[in-house]
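Q: Residue numbers for the sequence shown follow our numbering, beginning at 8 and rising by one.
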Amino acid sequence: MIRLALVGFGKWGKNYIKAAEETGLAKVTTLVLRQDSEKWRDTVINSFKCTSDLDDLDSLGVDAAIVALHPSQHALVCCELLHRKIPTMVEKPLALGLKDALQIEAAVAKAEVPFMVNHQHLSTYAYLEILRRTEDEEITEIVTQAGNYGPFRDYSALWDYGPHDLSMILELMRSSPQGVVSNHQPQNLGERYAFELAFKGGVKSKSVIWNGSLPKARSLEVKTKTNRYLYDDLNSESKLIINGELAAVMYKAPLTLSIEKFIKLIKMEKDLNTPNSLNQLKFMDAELKVVKLLEEIQSLSKKNKDHEVT
8 MIRLALVGFG KWGKNYIKAA EETGLAKVTT LVLRQDSEKW RDTVINSFKC
58 TSDLDDLDSL GVDAAIVALH PSQHALVCCE LLHRKIPTMV EKPLALGLKD
108 ALQIEAAVAK AEVPFMVNHQ HLSTYAYLEI LRRTEDEEIT EIVTQAGNYG
158 PFRDYSALWD YGPHDLSMIL ELMRSSPQGV VSNHQPQNLG ERYAFELAFK
208 GGVKSKSVIW NGSLPKARSL EVKTKTNRYL YDDLNSESKL IINGELAAVM
258 YKAPLTLSIE KFIKLIKMEK DLNTPNSLNQ LKFMDAELKV VKLLEEIQSL
308 SKKNKDHEVT
């Protein structure tokens, strides 16, 4: 059983506690809270070891850590955990800018321990089936939609919803885009982003993200020369639709699957008794591409003009 420290105890942090137990492979045993946090008053914390000092984690018997904080704090906390050689999973986005993301990349390279960003949809059975099937098919277009009324944060909806869309698109295309077009509009209390990525061979992805209105949505449609695949996270009958027909596919909560993936990375390193450096470098390269694109899309949305990616 992997003993996890949870850094951050907000609404999403509590989801991690439940999801970790559902894996049967891990359990949150320690909470890391700010010394002045009101969360100390929450009676739930009585079930955990608690500290406000990351230096205590070694003595508290922690095997790995999950960071569920405001993304502006990710670089500082992740770098401290990695400095202590503690395998770390962090909630998306990795960071709110490339500068912080590069700091984390350097810490990952030096620490040589498992590190993962929670793009939870990458672990779902429906998405993985699409990824498997399109490996030998020629993708012609990708369309994603993600939105809801809220949440309203002190950073853009693009950085809240967008990491999921971009991580799936980049993995499916197995390459970087050659161009970006983006547009931004205020929407009630929130905002709406529409952006396109142009890939080699004339293939395009089209994405719309919003947090100012209903309906709620989280979908990915992949068109190939022979088939049409739809991953619909809100479909209660099946998360996968192929050529308009519901497809039989296993289901487990995306967050639970992400933690399982993280645990497998930790166990793989222990079994091999050596850091999986090559895969870790590839992973961080993909994460930096996501952050760079988020910056690019946000910048272009303000200018509202086409731009060629360098």
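Glycine included, each C-beta is placed from N, C-alpha and C at the ideal position.
Keep in mind that this is a model prediction, so the values were computed, not measured.
Measuring alpha carbon to alpha carbon, tell me which residue in Asn242, Ile216 and Thr30 is nearest leucine 262.
A: The residue with the shortest Cα to Cα distance from leucine 262 is Thr30.
Q: For the beta strand (DSSP E) holding leucine 247, just list the boundary residues, first then last.
A: Per DSSP, leucine 247 belongs to the beta strand (DSSP E) from 247 to 249.
Q: Give me whichever residues DSSP pairs with threonine 231 in a beta bridge.
A: Bridge partners of threonine 231: Ile146.
Q: Taking the Cβ atom as the reference point for each residue, do serine 226 and glutamine 194 lie within a distance shorter than 8 Å?
A: No, they are not a contact pair.
Q: Per DSSP, what kind of secondary structure is alanine 108 in: helix, strand or coil?
A: In the structure shown, alanine 108 sits in a helix (DSSP, three-state: H, G or I).
Q: Residues bridged to glutamine 191 by DSSP?
A: The sequence given here places histidine at residue 191; glutamine does not occur at that position. DSSP lists Tyr200 as partners of histidine 191.
Q: Give me, in chain order, the residues of the same chain whose beta-carbon lies closer than 6 Å to that of asparagine 155; leave out the 5 immediate sequence neighbours on both sides.
A: Once the five neighbours on either side are set aside, the close Cβ partners of asparagine 155 are Lys223.
Q: Just verifying my parser: in three-state terms, what is the DSSP assignment at asparagine 218?
A: Of the three classes helix, strand and coil, the one that applies to asparagine 218 here is coil, per DSSP.
Q: Skipping 5 residues on each side, what residues in its chain have a beta carbon closer than 7 Å to that of tyrosine 258?
A: Taken in chain order, the residues that qualify are Tyr132 and Lys246.
Q: Going by Cα to Cα distance, which pick from Ala33, Val97, Leu83 and Arg10 is closest to glutamate 294?
A: Looking at the Cα atoms, Val97 is the closest of the given residues.
Q: In angstroms with no decimal places, state the Cα-to-Cα distance between tryptophan 217 and aspartate 62.
A: About 40 Å.
Q: Can you give the Cα-Cα distance for aspartate 161 and proline 78, rounded to whole angstroms?
A: For aspartate 161 and proline 78, the distance between alpha carbons rounds to 11 Å.
Q: How should leucine 76 be labelled, buried or exposed, when 16 other C-beta atoms within 10 angstroms of its C-beta is the threshold for buried?
A: Buried.
Q: By DSSP, does alanine 260 sit in helix, in strand, or in coil?
A: Coil.
Q: Hey, how far is the Cα of lysine 18 from the Cα of lysine 310?
A: Their backbone Cα atoms lie some 35 Å apart in a straight line.
Q: For the segment 168 to 186 against the segment 201 to 213, are there 3 or more C-beta pairs whose distance is under 8 Å?
A: Yes, the segment 168 to 186 is in contact with the segment 201 to 213.
Q: Would you say leucine 101 and isoleucine 93 are within 8 Å of each other, going by their C-beta atoms?
A: No. Outside cutoff.
Q: When DSSP builds the beta bridges, which residues end up paired with serine 212?
A: Ile149 and Leu204.
Q: With leucine 10 and aspartate 70 assumed to form a contact (beta carbons below 8 Å), what rounded beta-carbon distance in angstroms separates them?
A: One detail in the question is off: residue 10 reads as arginine in this sequence, not leucine. Yes, arginine 10 and aspartate 70 are in contact; Cβ-Cβ is about 5 Å, under 8 Å.
Q: Does DSSP put tyrosine 162 in a helix, in a strand, or in coil?
A: The answer is coil: DSSP assigns tyrosine 162 none of H, G, I, E or B.
Q: Using the C-alpha atoms, what's the distance from leucine 129 back to leucine 355?
A: Residue 355 cannot be examined here, being either before or after the span of the chain that is shown, 8 to 317.
Q: Using the Cα positions of valine 14 and glutamine 185, report the straight-line distance between them to the nearest angstrom.
A: Valine 14 and glutamine 185: Cα-Cα distance of roughly 37 Å.
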